[in-house]
Amino acid sequence: MKHFEANFDGLVGPTHNYAGLSFGNVASLNNAALVSNPKAAAKQGLQKAKALADLGMIQGMLAPQERPDLNTLRRIGFSGSDAQVLQQAAKTAPALLNACCSASSMWTANAATVSPSADTRDGKLHFTPANLVDKLHRSIEPITTGRILTATFNDPHYFHHHNHLPEHNSFGDEGAANHTRLCQEYGHAGVELFVYGQEATNPNAPRPQKYPARQTLEASMAIARLHQLEEDNCVFIQQNPDVIDQGVFHNDVIAVGNQNVLFYHEQAFLNTQAKLDEIRRKLDTELFFIEVPTAKVAINDAVKSYLFNTQIITLPSGEMAIIAPTDCQENPAVYAYLNELLTLNTPIKQVLYFDVKQSMQNGGGPACLRLRVAMNEQEVAAVNQHTLLNDALFARLNTWVDKHYRDRLSTQDLADPQLVIESRTALDELTQIMKLGSVYPFQR
Ligand SMILES: N=C(N)NCCC[C@H](NC(=O)CCC(=O)O)C(=O)O
């Protein structure tokens, strides 16, 4: 049977804005209060996704969330009509209103952790939505994320959906952004790498001093248990706390893997050599560990350019390509490194650049925008086919964006009751286009 690695990209929602909500994410803080362009953001994301589909990759789309999140605003005591709720929140608690309006579900690398059926004891594909407890604006995502994932991967014969982990810092979980899978072929059992920022229940363990470690070892281990993974198929690695303090808020800002390639920065992990040895012991195949030295790319350049927030994909030809943001071309050290990489004897043979600046300005590169799902042919056939990107869906979604999205949005606009109406009208139509059923609170 054939096996593939599909990418499911988050469709950027109509409220995409810059509110500076993510402490520890340098781009989010630096671009706070910039005026956004939701229409351009959604189209940049669609262009990247379509380019991958055109390369012969299986490419899906995941629907965005309902924002403004009026349910949460009501739950915390704002009342009256929708317009009154927004107006009161804007006046007395603008930071809470901003948190309830973020389009952050676009970064589907944080939607869930996914384990393919080749790795799991019951032979099903497992999904656990990330609880995202470290950030208020993201902690309100997992319930709807679970519904969207279930509507997308909607056959219980093949797909096993779990609840998100308990909503407590001990179980801080950011999903696939801190999870990479190495394997020989996608359909063979692989080794799942769980990268965590801190051990919540061990006060003596290393942890960052300045910025939060969003992922805990406890969460990663819980996911491995839920997903029925064997110990021999898992490696738990601690992220270097010093790089978290320099703005590396997820592992996918400092490392990325695909099949037998692990591409990472020299300073990405703690106990790097011991962990690489453990991977070698657990995965009996030729492995390419591509370590980028600080002398060639400083942490600051990696964070600014998102060199490691690239997607490494295996093209139908068997060669690998890197999908990079144009920001990597604009950074001389990083661009030089990527050109050099192509001359090294690794499976990576080309680099393709995409402009995803609307997302980058909130700290989300190409890899943040996608959730990887390794699947066999039967599993691909069992996916809700209306979520898979082809020429028709691409055209339809572009028309949909043109019809419903604004081309400028400031944080002041978030209290505009018209935005609620626009967003709900758009999402209602989208659930029909993608045949998702009633996944949104306003539809239930
Ligand atoms: N690396 C991965 N996988 N994902 C990137 C997530 C970016 C997101 N930014 C934000 O949520 C900013 C929103 C704002 O400030 O308006 C975050 O920090 O959680």
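So the sequence shown is numbered by this note's numbering: it starts at 1166 and just counts up by one. Just so you know, even glycine gets a beta-carbon here, dropped at the ideal spot from N, CA and C.
Exercise. Are there three or more Cβ pairs, one per stretch, closer than 8 Å when the segment 1427-1445 is compared with the segment 1398-1415?
Worked result: yes
Problem set entry | Beta-carbon proximity list for Ala1224, same chain, < 6 Å, skipping 5 on both sides | Per the sequence shown, residue 1224 should be read as Gln rather than Ala. Excluding positions up to five away in sequence, the list reads Asn1172, Ala1214, Leu1217, Ala1218, Leu1554.
Exercise. So who's on the other strand from His1291, going by DSSP bridges?
Worked result: Ser1280, His1325
Problem set entry | Terminal residues of the beta strand (DSSP E) in which Glu1170 lies | 1168-1175
Exercise. So Val1250 is in the alpha helix (DSSP H); what residue range does that whole segment cover?
Worked result: 1247-1257
For this session: Output the boundary residues of the beta strand (DSSP E) element that contains Phe1401.
Result: 1399-1403
For this session: Please report the Cβ distance between Gly1185 and Leu1176, rounded to the nearest whole angstrom; I am assuming they are in contact, meaning their Cβ atoms lie under 8 Å.
Result: About 23 Å separates the two Cβ atoms, so there is no contact after all.
Exercise. Straight-line CA distance for Glu1431 to Lys1461?
Worked result: 10 Å
For this session: Consider the C-beta atom of Asp1234 and the heavy atoms of ligand 1; say whether any pair is separated by less than 8 Å.
Result: With a cutoff of 8 Å, Asp1234 does not count as near ligand 1, since its C-beta is closer than that to no heavy atom of the ligand.
Exercise. What did DSSP end up calling Pro1490 once you bin it into helix, strand or coil?
Worked result: strand
Exercise. Taking the DSSP output, what are the residues bridged to Glu1332?
Worked result: DSSP lists no partner for Glu1332.
For this session: Examine the Cβ distances between the segment 1342-1351 and the segment 1318-1327 and report whether three or more of them are shorter than 8 Å.
Result: no
Problem set entry | Counterpart residues of Phe1453 in DSSP-defined beta bridges | Per DSSP, Val1426.
Problem set entry | When Asp1581, Leu1472, Lys1522, Val1521 are compared against Asn1496, the one with the closest alpha-carbon | Of the listed residues, the one whose Cα sits closest to Asn1496 is Leu1472.
Exercise. Is the segment 1226-1239 close to the segment 1299-1315, with three or more CB pairs under 8 Å?
Worked result: yes
Exercise. On the three-state DSSP scale, how would you describe Lys1300?
Worked result: coil
Problem set entry | Close beta carbons around Thr1590, own chain, < 7 Å, minus the five adjacent residues each side | His1569
Problem set entry | Any 3 or more C-beta pairs closer than 8 Å across the segment 1285-1296 and the segment 1307-1321 | yes
For this session: Assign Leu1347 to one of three DSSP states: helix, strand, or coil.
Result: If DSSP states are grouped into helix, strand and coil, Leu1347 belongs with the strands.
Exercise. Looking at Ala1384 and ligand 3, is the gap between the Cβ and the nearest heavy atom below 8 Å?
Worked result: Of the ligands one can find in the structure shown, namely ligand 1, none is ligand 3.
Problem set entry | Assigned exposure category for Glu1484 - 16 Cβ within 10 Å defines buried | exposed
For this session: Would you check if the distance between the CB atom of Thr1475 and the CB atom of Val1421 is smaller than 9 Å?
Result: yes
Exercise. By a C-beta neighbour count over all protein chains shown, 10 Å radius and 16 as the cutoff for buried, is Leu1507 buried or exposed?
Worked result: exposed
For this session: Just the C-alpha distance for Ser1267 and Leu1595, rounded to the nearest angstrom, thanks.
Result: In this model, Ser1267 and Leu1595 are separated by some 18 Å (Cα to Cα).
Problem set entry | Where the alpha helix (DSSP H) containing Arg1587 begins and where it ends | Residue identity check: residue 1587 is Glu in the sequence provided, not Arg. Element bounds for Glu1587: 1582-1598.
Exercise. Do you know how far the Cα of Ala1205 is from the Cα of Lys1256?
Worked result: 29 Å
For this session: Could you give the DSSP three-state label for Ala1260: helix, strand or coil?
Result: Secondary structure at Ala1260: helix, using DSSP grouped into helix, strand and coil.
Problem set entry | Spatial neighbours of Pro1203 in its chain, beta-carbon cut-off 6 Å, leaving aside the 5 residues before and after | Pro1179, His1181, Tyr1570, Arg1571, Leu1574
For this session: Please classify Thr1564: is it buried, with 16 or more other beta-carbons within 10 angstroms of its beta-carbon, or exposed?
Result: exposed
For this session: Identify whether Glu1357 lies in helix, strand or coil by the three-state DSSP scheme.
Result: strand
For this session: Give the DSSP-derived three-state secondary structure of Met1525 in the structure shown.
Result: helix
Exercise. Hey, how far is the Cα of Pro1229 from the Cα of Thr1273?
Worked result: 9 Å
For this session: Over the uninterrupted beta strand (DSSP E) stretch that includes Tyr1518, give me the two end residues.
Result: 1513-1519
Exercise. Does the segment 1247-1261 come close enough to the segment 1274-1286 to have 3 or more Cβ pairs within less than 8 Å?
Worked result: no
Exercise. CB of Lys1375 to nearest heavy atom of ligand 1: below 8 Å?
Worked result: No, Cβ of Lys1375 sits at least 8 Å from all heavy atoms of ligand 1.
Exercise. Bridge partners of Gly1225, per DSSP?
Worked result: Answer is Phe1173, Leu1553.
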